[in-house]
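First residue of the sequence shown: 211, per the working numbering; consecutive thereafter.
Beneath this line is the structure, given in structure tokens, with notes to follow.
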Amino acid sequence: LLHVAAHARPRTPAAMASGVVEEPLDLIRLSLDERVYVKLRNDRELRGRLHAYDQHLNMVLGDVEETITTHDIDTETYEELVTTSKRSIPMLFVRGDGIILVSPPLRTA
């Protein structure tokens, strides 16, 4: 079952009226067509618009900015060297088993 932005439907009439989170994936459902932050394994981070997801947390993101952080040790000084690289990706499929966390957009009342 794939959930896409155009067909997002809350489960109950109460949830429909108030945007209530009844189950963990409801938080993701409420973030459809919004920009989300996704932290992945291996020090990778994504920020992009959530177009679709499924029960395995596989996601389709659009207008993605990927940030990759690498940690190395300088062999002479033994200092930790941290570098980041970024790239833009127009559309990306993210496999759910690599996801550590998903942060929905900030909602102000």
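In this text, a Cβ means the ideal position worked out from N, Cα and C, and glycines have one as well.
| Query | Result |
| --- | --- |
| Residue 308 versus residue 257 - alpha carbon distance | 15 Å |
| Distance between residue 314 and residue 240 (C-alpha atoms, nearest Å) | 8 Å |
| Contact belief for residue 295 with residue 274 at Cβ below 8 Å, rounded distance in angstroms | Contact doesn't hold; Cβ gap of about 14 Å is too wide. |
| Span separating the alpha-carbon of residue 251 from that of residue 237 | 21 Å |
| Straight-line Cα distance separating residue 280 from residue 288 | 15 Å |
| Residue 300 - containing beta strand (DSSP E), residue span | 290-304 |
| Beta-carbon spacing of residue 271, residue 302 below 7 Å | yes |
| Reference residue 259; option with closest CA among 300, 265, 283 | 300 |
| Residues near residue 269 by beta carbon distance below 6 Å, same chain, minus five either side | 263, 304 |
| Rounded C-alpha distance that separates residue 230 from residue 254 | 30 Å |
| Supposed contact pair residue 312 and residue 323 - C-beta distance, whole angstroms, cut 8 Å | Residue 323 falls outside the range modelled here, since the chain spans only 211 to 319, and no answer is possible. |
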